[in-house]
Every structure is written in C-alpha cells, then in structure tokens.
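Residue numbers (the numbering used here): 740 to 814.
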C-alpha cells in the first residue's frame with residue numbers, strides 16, 4: 740500500500756510539473772550577484788528547483804536507527 744501511495748504522489752507531482760512547464764514556456768534568466776544564466780523556460784527552472792529540494796531533503800533527513808535485540812530487552 741505504501742508503494743502505491745508513493746507512486747501516486749510521484750505521478751501527480753510529475754503531471755503537475757509537466758503542466759506548469761507547458762504553461763510557462765517563457766524564457767527567463769537567473770541572476771545571482773554578478774552571474775547570469777542563459778535564458779531557460781520557467782517550467783524547467785521550477786522542475787530543477789523542486790528536484791533539488793527533494794533530493795537535498797532526502798539526504799538531510801535522519802535515517803531510522805535499528806535497535807539491537809538486547810537494547811530492546813532492557814525496556
């Protein structure tokens with residue numbers, strides 16, 4: 740069931756990004772301090788930022804620690 744929900748959420752996310760990408764085809768250029776990027780569509784920028792955020796949060800979240808059997812017996 741968890742795999743189905745994960746696939747459903749991921750599929751909805753991909754569809755939303757595709758829809759936003761099609762609707763926002765206007766090229767934009769990003770500026771940071773003195774640097775400026777090439778002009779790319781807004782949807783591509785949004786998809787890149789969303790993907791970067793998901794990957795960085797997956798890396799930053801702590802992993803659940805498995806307890807050894809004798810640690811569980813103490814409780």
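Every residue gets a Cβ at the ideal spot worked out from N, C-alpha and C, and that includes glycine.
| query | result |
| --- | --- |
| Nearest CA to the CA of residue 756: which residue from 775, 766 and 784? | 784 |
| Is residue 784 helix, strand or coil by DSSP? | helix |
| Using alpha carbons as the reference points, say which of 774, 779 and 745 lies closest to residue 761. | 779 |
| Kindly indicate the opening and closing residues of the alpha helix (DSSP H) around residue 742. | 741 to 762 |
| Could you check the C-alpha separation between residue 799 and residue 758 for me, to the nearest Å? | 29 Å |
| Going by DSSP, name the residue or residues bridged to residue 766. | 780 |
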